[in-house]
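Following: one structure in structure tokens, then a few remarks.
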Amino acid sequence: MSKFISPRFDSLEEYVPGEQPRDKKYIKLNTNESPFPPSPAVLRAGSDQIALCNLYSDPTLRDLRTKIAELYGVEMQNVIATNGSDEALSFAFMAYCDKSTGVAYPDISYGFYKVFAQLYGLDCLEIPLRDDFTINVSDYFGLGRTIFIANPNAPTGIALTPDEIEQIVINNPDNVVIIDEAYVDFGAQSCVPLTKKYKNLLVVQTFSKSRSLAGARIGFAIGDVSLISDLEKLRYSTNPYNVNRMSAACGCAALDENSYYTDNCKKIIKSRELMVKGLTELGFITTKSSANFVFARHTSISGDNIYSKLRENGILVRHFSSPKICEYNRITVGSEEQTKALLNALKIIVKEISK
Ligand SMILES: *Cc1c(COP(=O)(O)O)cnc(C)c1O
32 MSKFISPRFD SLEEYVPGEQ PRDKKYIKLN TNESPFPPSP AVLRAGSDQI
82 ALCNLYSDPT LRDLRTKIAE LYGVEMQNVI ATNGSDEALS FAFMAYCDKS
132 TGVAYPDISY GFYKVFAQLY GLDCLEIPLR DDFTINVSDY FGLGRTIFIA
182 NPNAPTGIAL TPDEIEQIVI NNPDNVVIID EAYVDFGAQS CVPLTKKYKN
232 LLVVQTFSKS RSLAGARIGF AIGDVSLISD LEKLRYSTNP YNVNRMSAAC
282 GCAALDENSY YTDNCKKIIK SRELMVKGLT ELGFITTKSS ANFVFARHTS
332 ISGDNIYSKL RENGILVRHF SSPKICEYNR ITVGSEEQTK ALLNALKIIV
382 KEISK
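Going by my numbering, the first residue of the sequence shown is number 32, and it counts up by one from there.
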């Protein structure tokens with residue numbers, strides 16, 4: 032670091048993304064990307080826009096927001112489009128938290144919440160999950176803090192029901208509750224319908240996981256018009272052209288072919304069931320996942336050993352070193368073929384180590 036950086040960042044620990052290695056070709060089950068390519072119409076829509084890159088993109092992102100609104104049964108004014116959902120989360124941290132209103136989120140959750148809280152100098156309450164990694168809903172009642180919950184949670188994959196989230200929203204009438212639905216399309220129920228009833232609920236989603244567009248960086252948030260205009264104020268104050276014209280067009284095309292994505296989600300869910308069954312047979316314990324990953328520990332082999340043996344075998348998964356979850360690995364559910372390759376490799380690894 033230089034001597035010029037502000038001292039307020041002295042203790043900031045930045046987010047560490049999952050590896051994107053270039054040394055050899057891995058079966059990548061470490062960053063929850065989709066194994067399926069974007070659909071052909073998305074490719075065409077994106078490349079058509081390259082020729083227009085001398086012009087700025089539409090700062091209102093009207094087309095993309097209109098299509099998102101149609102799909103989710105809300106109005107365009109209830110939708111903000113962002114550069115990945117991380118940006119929507121960042122705007123929410125900026126908008127709804129300050130020195131007096133801190134944040135609360137589960138102690139085991141998406142790592143970026145802590146980074147944003149530090150970045151914006153916020154007081155944070157990390158609420159422990161139960162021993163079985165479930166969220167105890169009443170822990171979140173009346174906290175006087177802005178609440179962030181990933182649903183399904185990451186890296187556990189466990190989902191709350193909309194009824195449970197509604198209880199959290201009702202019991203925090205003077206604070207915003209942000210539900211991060213990055214993985215909702217893989218088997219959980221969305222809280223978007225509740226945004227019509229509650230002015231303090233913001234739902235954040237992304238095109239990165241279920242819509243095969245992680246590299247295009249498209250996210251969005253849905254909520255009451257008043258919440259969305261808060262976030263728009265911050266968007267216009269930081270980067271009004273936050274979603275570039277290729278990505279915006281890709282997002283629109285993806286929404287035009289929604290069944291391609293819902294079919295892919297069904298394939299992932301099938302592949303997940305195969306993975307859970309295979310892992311269980313090999314002596315792993317898994318949480319009940321409603322996401323495109325499985326959180327698994329072996330009954331006798333350590334989490335980092337599993338991680339490194341898989342890596343040696345050309346398969347990348349995500350291992351977290353924090354004490355509560357270091358025996359686990361988060362394994363992205365890819366195609367059925369990838370799941371079979373994973374299970375084959377693990378079969379050999381488990382046999383090797385247990386002998
Ligand atoms: C992947 C992920 C995101 C961010 O995704 P973007 O690529 O920025 O849209 C947000 N929340 C959770 C829980 C995630 O896993």
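All residues carry an ideal CB built from backbone N, CA and C; glycine is no exception.
- Annotation for I199: V168, Y171, F172, I178, I180 and V208 place their beta carbon closer than 8 Å to its own, counting only its chain and skipping 5 residues before and after.
- Taking a cut-off of 8 Å on C-beta distances, the stretch 104-113 does not touch the stretch 313-326, as fewer than three cross pairs fall below it.
- If you look at Q369, you'll find it in the alpha helix (DSSP H) that goes E367 to S385.
- Between I362 and V325 a beta carbon distance of about 5 Å is seen, short of the 8 Å cut, so the two are scored as contacting.
- Contact check for A247 and S278: beta-carbon distance about 4 Å, within the 8 Å limit, so the pair qualifies.
- In the DSSP assignment, Q236 falls within the beta strand (DSSP E) that extends over L232 to T237.
- In this structure A284 does not touch V47 by the C-beta definition: roughly 32 Å separates them, more than the 8 Å allowed.
- With fewer than 16 other Cβ atoms inside 10 Å of its own Cβ, G152 counts as exposed.
- Sorted by position in the chain, G115, S116, D117, Y141, A181, A185, D211, A213, T237, S239 and G250 make up the residues whose C-beta lies under 5 Å from a heavy atom of ligand 1.
- Bridge partners of Y136 according to DSSP: E157.
- Using a Cβ distance threshold of 8 Å, A112 and L92 count as a contacting pair.
- Burial state of M32 is exposed, judged by a 10 Å Cβ sphere holding fewer than 16 other Cβ atoms.
- Taken atom to atom, the span from the alpha-carbon of V256 to that of E368 is near 44 Å.
- Contact annotation: the stretch 220-229 does not touch the stretch 294-314, with fewer than three C-beta pairs closer than 8 Å.
- Inter-residue distance for P69 and T237 is about 14 Å (C-alpha atoms, whole angstroms).
- According to DSSP, residue pairing for Y359 in a beta bridge involves R328.
- In the three-state DSSP reduction, D54 falls in the coil class, being neither helix nor strand.
- Assignment of L262 by DSSP, reduced to helix, strand and coil, places it in the helix class.
- In the structure shown, the three-state DSSP call for D294 is helix.
- Within the same chain, A280, C281, C283 and A284 come within 7 Å of A76 by CB-CB distance, once the 5 residues on both sides are set aside.
- Excluding the 5 residues flanking it on each side, S243 has same chain C-beta neighbours closer than 6 Å at S65, F67 and P69, in chain order.
- As DSSP reads the structure, K59 sits in a beta bridge with L347.
- The count of Cβ pairs closer than 8 Å, one atom from the stretch 202-217 and one from the stretch 365-380, stays below three, leaving the stretches out of contact.
- With contacts defined by Cβ atoms closer than 8 Å, F147 and L120 form a contacting pair.
- Taking 3 residues as the minimum length, the beta strand (DSSP E) runs contained wholly in the stretch 194-233 are 208-211, in order along the chain.
- The straight-line gap separating the alpha-carbon atoms of P90 and R96 is approximately 11 Å.
- Counting the other CB atoms within 10 Å of its CB gives D211 a total of 16 or more, which places it among the buried residues.
- In terms of CA proximity to D138, P186 leads the group E44, P186 and P52.
- Taking the Cα positions, C357 is about 48 Å away from N85.
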